[in-house]
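Worksheet for the structure shown next.
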Amino acid sequence: MTMTDKQRAMRKVQATAFALVEANLYLDSHPTCPKGLEYFAEHKKAHDKAVKEYEEKYGPLTARASDNPRKWEWVVTPFPWERGES
Amino acid sequence: MDFFESGVLGKIFDADGTAMQKDSRTCPQPEGKFPPETPIAMAYVPFQSWEKPYDMEAGLSRGTIFPSLDKPFLGKEAVFCDND
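Put into structure tokens, the structure is as follows:
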């Protein structure tokens, strides 16, 4: 099944978010592990970038990501789960 | 010599502590890497160490980025035997 650009962008957000969850759990028990810390820092950047890229094109993923001065994007654009990604 | 020492149990549990130690050394047990002073009858989980993680996409679908944590339920005992 081929993914639309939007689905690909969402998938990237999800994959980077998941990598951070895993790194988080690992670092909870290995708080000074250099490799783990480096992995987290790297993927935090990737996640922020993926979220930014997604939101610029398809709208906010969270309410607090709405940044349109004239309208509250969160409710005037379809919610993430209504955008046909999943 | 009450029941415990004379009967079947007597053969397994030698009343004299030191002999018991000797027996546990000689009876064929899997040689673990635990330090000798490790108390028995306790559960131990080896500590995880960092390893080369899956790439993100694979991690998301496998449910972990750590290959050694990737233990899917196989519905049968996961033994490494070469015939199946």
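Line by line, the protein sequences are chains A and B. First residue of the first sequence? That's 1 in our numbering, and the numbers climb one at a time after it. First residue of the second sequence? That's 101 in our numbering, and the numbers climb one at a time after it. Beta carbons: idealized from backbone N, C-alpha and C, even for Gly. It should be emphasised that the depicted structure is a prediction, and the values quoted were computed from it without experimental measurement.
Cβ of residue i within 8 Å of any chain B Cβ
i, result
"residue 22 of chain A", "yes"
"residue 35 of chain A", "yes"
"residue 79 of chain A", "no"
"residue 7 of chain A", "no"
"residue 65 of chain A", "no"
Per-residue contacts from residue i into chain B (C-beta, under 9 Å)
i, result
"residue 39 of chain A", "150, 153 and 165"
Near the ligand SAM: residue i beta-carbon under 7 Å from a heavy atom
i, result
"residue 171 of chain B", "Looking for the ligand SAM in the displayed structure turns up nothing, as the structure carries no ligands at all."
Neighbour flag for residue i against chain A, beta carbons, 8 Å
i, result
"residue 137 of chain B", "no"
"residue 159 of chain B", "yes"
Under 8 Å between C-beta atoms of residue i and residue j
i, j, result
"residue 153 of chain B", "residue 39 of chain A", "yes"
"residue 164 of chain B", "residue 22 of chain A", "yes"
Contacts that residue i makes with chain B (C-beta to C-beta distance below 8 Å)
i, result
"residue 16 of chain A", "156"
Integer-rounded CB distance, given that residue j should sit under 8 Å from residue i
i, j, result
"residue 13 of chain A", "residue 50 of chain A", "5 Å"
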